[in-house]
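Trainee:
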Amino acid sequence: MDCRAKWVAGGETSDPIVISSRVRLARNLKGIPFPGAMSSKEGSEVLSRVATLLEQKAPHGYEVFYMAKMPQVERLALVEEHLISYDLANKTEGAVAISRDGATSVMLNEEDHLRIQALLPGLSLEEAWQTADSCDDFLEAELDFAFHEDYGYLTACPTNVGTGMRASVMLHLPALVESRQIGRLLAAIGQFGLMARGLYGEGTEAKGSIFQISNQVTCGIAEDEIVRNLKAVVEQIKAQEQAHLQKMVALQRAKIEDRVYRALGLLTNARVLDSSEAMVLLSELRLGVSAGLLSLPVGVLSELLVLMQPGVLQTVNKVNLDALERDIKRGEIVRRRLLEVLGREKQ
Amino acid sequence: MLCEECRKHQANVHVTQVLNGERTEKNLCEHCAQAMGELDLAGLGSGSFNINNLLAGIMSMEQGSLALKSRGLACATCGMDYRRFAEGGRLGCADCYQTFSRQLAPLLKRIHGTPTHQGKLPSRGALSVNRKRHLSRLKGELKAAVEQEHFERAAEIRDQIKRVEQGG
């Protein structure tokens, strides 16, 4: 199994700040209790109805993976690619249908019967919404979803009711972190009905200066408005990050250049590389690209961000590795890939 | 008092935990308390702070009197009762929205501001919703036309309303 997520594999984006955009729609089948309250027979019914539909009739073609039949390390890999949630990975009733192009994944029997998500590289919220919307249209033509005249699409948790939509972007904000502006900024976005989290969702820390920002309110506001709001705020944050980065470079260019090239030196030479060190160093490279100090396709940095994660590392290379072996393999993968693209840049 | 975990150091941290309605209390030393806190954060997304936990917390805090009145209230379709909902923050099925509508109304307002759905409607089964919205918009237009004494326009709108209403 290779990386299949489009934001990782097909990532032709030149935006070093906005890593990826995602739109997720929560849907439930009419007449069946939500996953938290359904019987295992009902769970199987949801799986067979929706999975069959996606596998056999969906326009782009989907492949279905059942959590109960997957080894833990492969489930972890899907979490690291952001194709499924950590919660789904631990559900025996759960499954995910992934489109062939890796842009859409439909989680089945997570907190809701369906979680349709579209995930694309760069700032592409409109496109992600259109992608998720058309998958929803396809499913809706065949399935009856639980819907309430006033509340809209019904979900297990009242925080998702209405559009059932969570739009989010993954941002790399090292200059705002270093200039200590990030706290103030993240507090301010709350006033726009948005919230911020770390790289792997709720409750995880923001490693490598990567943050996820998403809408909080899902009811009483239309999908395109949610997208417009989030996009407007993200563009502001992006501008702030760029301004602070330029200020940093103007004040201490040599120091920053040194940091970036030291990181490059380590990543292209290290033989044992643990994941938090790799996260930090890759963040330095991304900063270098962002500041115009280093010429490297940012798609490769997103790719490495995922390839270095423990689950993906073992799944892609089809090996089970202990911690030290993983660190060695990680070093090898990062080193090879970077030297390969650097060689190409020089030519 | 000695720490209940290591039984070596002086306990100076008092931890009260309410988990699924069960209250446990512990007296720990700083070291053990920190170690336990770290353990809690170690798992990716497991048991850590998230919006749903927060929601359940708000509900149990705010709805004290409502909770008393709601005791014993259960959904006929899935069996979800109010206490379980208030603790877990999750509903059991679509009908729970009807069963617990009184308890949900203030909560939805708090989360979403105006909890009236805008945006996409299901292509099937939402005809009635579409018609209802269409009718209410037409009635608004009719009222405006009458007020502005545009009687010809008002007559047109009235005919339109009739057609929509007869449409089933």
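The listed protein sequences correspond, in order, to chains A and B.
Positions in the first sequence are counted from 1; adding 60 to them yields the working numbering.
Positions in the second sequence are counted from 1; adding 123 to them yields the working numbering.
Beta carbons: idealized from backbone N, C-alpha and C, even for Gly.
Any beta-carbon of chain A closer than 8 Å to the one on His257(B)?
Mentor: For His257(B), the answer is no, since every Cβ of chain A falls outside 8 Å of its Cβ.
Trainee: Where DSSP assigns a beta bridge to Val156(A), which residues make up the other side?
Mentor: DSSP lists Phe125(A), Met167(A) as partners of Val156(A).
Trainee: Does DSSP classify Ser81(A) as helix, strand or coil?
Mentor: Three-state DSSP puts Ser81(A) in a strand.
Trainee: Leaving aside the five residues before and after Val68(A) along the sequence, list all residues of the same chain whose C-beta is less than 7 Å from its C-beta, in chain order.
Mentor: These residues qualify, in order along the chain: Glu141, Ser362, Glu363, Val366.
Trainee: By the 8 Å beta-carbon criterion, what residues does the segment 215 to 231 of chain B contribute toward chain A?
Mentor: Going along the segment 215 to 231 of chain B in chain order, one finds Gly215, Cys216, Ala217, Tyr220, Leu227, Leu230, Leu231 with a Cβ nearer than 8 Å to chain A.
Trainee: Assuming contact is defined by CB atoms lying nearer than 8 Å, are Val83(A) and Ala188(A) in contact in what I supplied?
Mentor: Against a cut-off of 8 Å, the Cβ pair of Ala188(A) and Val83(A) comes out as a contact.
Trainee: Once you ignore the five residues that flank Arg64(A) on each side, which residues in its own chain have a CB closer than 8 Å to its CB?
Mentor: Excluding positions up to five away in sequence, the list reads Glu141, Leu143, Ile158, Gly162.
Trainee: How big is the Cα-Cα spacing for Ala277(B) and Val78(A)?
Mentor: Cα to Cα, Ala277(B) sits roughly 52 Å from Val78(A).
Trainee: Do three or more CB pairs link the segment 168 to 177 of chain A to the segment 82 to 98 of chain A at distances below 8 Å?
Mentor: The answer is yes - the segment 82 to 98 of chain A touches the segment 168 to 177 of chain A, with three or more Cβ pairs under 8 Å.
Trainee: For the segment 254 to 271 of chain B against the segment 290 to 307 of chain A, do three or more pairs of beta-carbon atoms, one drawn from each stretch, fall closer than 8 Å, so that the two count as touching?
Mentor: Contact between the segment 254 to 271 of chain B and the segment 290 to 307 of chain A is absent, because fewer than three Cβ pairs lie under 8 Å.
Trainee: Considering only residues of the same chain and omitting the five flanking positions on each side of Arg395(A), which have a CB-CB separation below 6 Å?
Mentor: Around Arg395(A): Thr328.
Trainee: Which residues of chain B have a Cβ atom closer than 7 Å to the Cβ of Ala216(A), listed in chain order?
Mentor: Within 7 Å Cβ-Cβ: Arg213, Leu214.
Trainee: To the nearest angstrom, how far is the alpha carbon of Thr112(A) from that of Gly371(A)?
Mentor: Distance between the alpha carbons of Thr112(A) and Gly371(A) is about 28 Å.
Trainee: 8 Å is my cut-off, CB to CB: does Asn88(A) come that close to chain B?
Mentor: So yes, Asn88(A) belongs to the interface.
Trainee: Look at the alpha carbon of Glu275(B) and the alpha carbon of Phe252(A), and state the distance between them as a whole number of angstroms.
Mentor: Cα-Cα distance, rounded: 44 Å.
Trainee: Apart from the five residues on each side of it in sequence, which residues of its chain come closer than 6 Å, Cβ to Cβ, to Glu123(A)?
Mentor: Taken in chain order, the residues that qualify are Ile158.
Trainee: For the beta strand (DSSP E) holding Met255(A), just list the boundary residues, first then last.
Mentor: Counting along the chain, the beta strand (DSSP E) containing Met255(A) begins and ends at 254 to 257.
Trainee: Determine, using beta carbons only, whether Asp334(A) and Asp284(A) come nearer to each other than 8 Å.
Mentor: No, Cβ-Cβ distance for Asp334(A) and Asp284(A) is not below 8 Å.
Trainee: I want to see whether chain B comes within less than 8 Å of Cys279(A), judged by CB atoms only; does it?
Mentor: For Cys279(A), the answer is yes, since a Cβ of chain B falls inside 8 Å of its Cβ.
Trainee: Determine the direct distance from the alpha carbon of Ile316(A) to that of Met308(A), and round the result to whole angstroms.
Mentor: Cα to Cα, the separation comes out at about 8 Å.
Trainee: Please confirm whether Gly263(B) has its beta-carbon closer than 8 Å to some beta-carbon of chain A.
Mentor: With 8 Å as the cut-off, Gly263(B) does not count as an interface residue toward chain A.
Trainee: Taking its Cβ as the centre, do 16 or more other Cβ atoms sit within 10 Å of Ser336(A), making it buried, or is it exposed?
Mentor: Exposed: under 16 other Cβ atoms inside 10 Å.
Trainee: For chain B, is any of its Cβ atoms less than 8 Å away from the one on Ala206(A)?
Mentor: Ala206(A) counts as touching chain B.
Trainee: Can you give me the C-alpha to C-alpha distance between Gln283(B) and His120(A), rounded to a whole angstrom?
Mentor: Using only the alpha carbons, I get a separation of about 42 Å.
Trainee: According to DSSP, is Lys149(B) helix, strand or coil?
Mentor: Strand, per DSSP.
Trainee: What number of angstroms, rounded off, separates the C-alpha of Gln289(B) from the C-alpha of Ala155(A)?
Mentor: Going by the C-alpha atoms only, they are around 45 Å apart.
Trainee: Are the CB atoms of Cys217(A) and Gly212(B) nearer to each other than 8 Å?
Mentor: In contact: Cys217(A) and Gly212(B) (Cβ atoms closer than 8 Å).
Trainee: Could you tell me which residues DSSP pairs with Gln312(A) in its beta bridges?
Mentor: Answer is none; Gln312(A) lacks a bridge partner.
Trainee: In this structure, does DSSP put Phe274(B) in helix, strand or coil?
Mentor: Phe274(B): helix per DSSP, three-state reduction.
Trainee: Going along chain B, which residues have a C-beta under 9 Å from Phe271(A)?
Mentor: Ordered by position in chain B, no residue passes the 9 Å Cβ test against Phe271(A), which lies about 16 Å from the chain.
Trainee: Can you tell me the Cα-Cα spacing of Ala128(A) and Glu153(A), whole angstroms?
Mentor: The alpha-carbon atoms of Ala128(A) and Glu153(A) are separated by roughly 7 Å.
Trainee: If you count every other CB in all the chains shown that lies within 10 Å of the CB of Met225(A), and 16 or more means buried, which is it?
Mentor: Answer is buried; the Cβ neighbour count reaches 16.
Trainee: Can you find the residues in the same chain that come closer than 7 Å, C-beta to C-beta, to Arg490(A), ignoring five residues on each side of it along the sequence?
Mentor: Not covered by the structure: residue 490(A). The range shown for chain A is 61 to 407.
Trainee: Along chain B, in chain order, which residues have C-beta atoms closer than 8 Å to that of Asp210(A)?
Mentor: Going along chain B in sequence order, the residues near Asp210(A) (Cβ under 8 Å) are Pro238, Thr239, His240.
Trainee: Could you pull out every unbroken alpha helix (DSSP H) segment of at least 4 residues lying fully inside the segment 312 to 351 of chain A, listed in chain order?
Mentor: Counting only runs of 4 or more, we get 335 to 350.
Trainee: Please decide whether Phe252(A) counts as near chain B, where near means a Cβ-Cβ distance under 8 Å.
Mentor: By this cut-off, Phe252(A) is not an interface position.
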